[in-house]
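Reminder that position 78 of the sequence shown reads as 78 in the numbering used here, one-by-one numbering, no gaps.
Scroll down for the structure; my scribbles are underneath it.
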Amino acid sequence: MRFKAGQKFIDTLRGKRKKQKLVVTCEKEELMTSEKPLLTVFLLTYNHEDYICDTFESILMQKTKYPFIVKILEDCATDETLRMCKEYVSKYPQLFTLINQKQNTKCKHFRLAIESEIHTPYWCGIEGDDYYLSSNFF
């Protein structure tokens with residue numbers, strides 16, 4: 001499974017094309033709704049507006065033979081990170097879920113926050129200022 005948001009979408013989120021319409025394409029129409037996911041990816045983010053699109057794109061480019069889901073733990077960013085996360089969640093609701101913290105916890109309770117969200121046999125984590133270089137990471 002592989003997804004592609006497209007450069008117009010990314011540029012719009014970064015504020016480069018404010019008047020452009022968001023364009024998102026999906027290379028595979030079956031969006032992992034029929035099978036139970038085997039992997040949960042936890043995306044931990046706080047004030048990562050300059051990097052978060054690269055992180056999302058690196059997740060979307062993953063080629064897998066099994067379904068996976070992404071839980072975004074947004075830790076009360078003071079920049080545009082939350083808005084950008086919401087845009088991806090709205091475009092890929094079957095893939096991304098947003099967990100919006102009510103107050104900044106500085107990720108101290110990250111382990112506790114994710115334990116109740118793990119419903120798959122496997123999980124991995126990535127921070128919002130990192131990205132996967134390979135499309136075969138998962």
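We put the beta carbon where it would ideally sit given N, CA and C, even for glycine.
Notebook entry, point to check: Between E74 and Q101, is the Cβ-Cβ spacing less than 8 angstroms?
Noted result: Here E74 is near Q101, since their CB atoms are less than 8 angstroms apart.
Output the boundary residues of the alpha helix (DSSP H) element that contains L95. No alpha helix (DSSP H) holds L95; DSSP gives it neither H nor E.
If you run the structure through DSSP and keep just helix, strand and coil, what is L38? In this structure, L38 counts as coil in the three-state DSSP scheme.
Just how far apart, CA to CA, sit K65 and E49?
C-alpha separation (whole angstroms): 30 angstroms.
Task: Residue environment, I118, which counts as buried when at least 16 other CB atoms sit within 10 Å - done: That one is exposed.
Going by other Cβ atoms of all chains shown within 10 Å of its Cβ, with 16 needed for buried, is P121 buried or exposed? Taking all protein chains in view, the Cβ of P121 is surrounded by fewer than 16 other Cβ atoms within 10 Å, so the residue is classified as exposed.
Whether T40 touches K71 by CB criterion (8 angstroms)
Yes. Within cutoff.
message = Let's see if you can read the secondary structure: which residues bound the beta strand (DSSP E) around F68?
response = Where F68 is concerned, the enclosing beta strand (DSSP E) stretches over 68 to 74.
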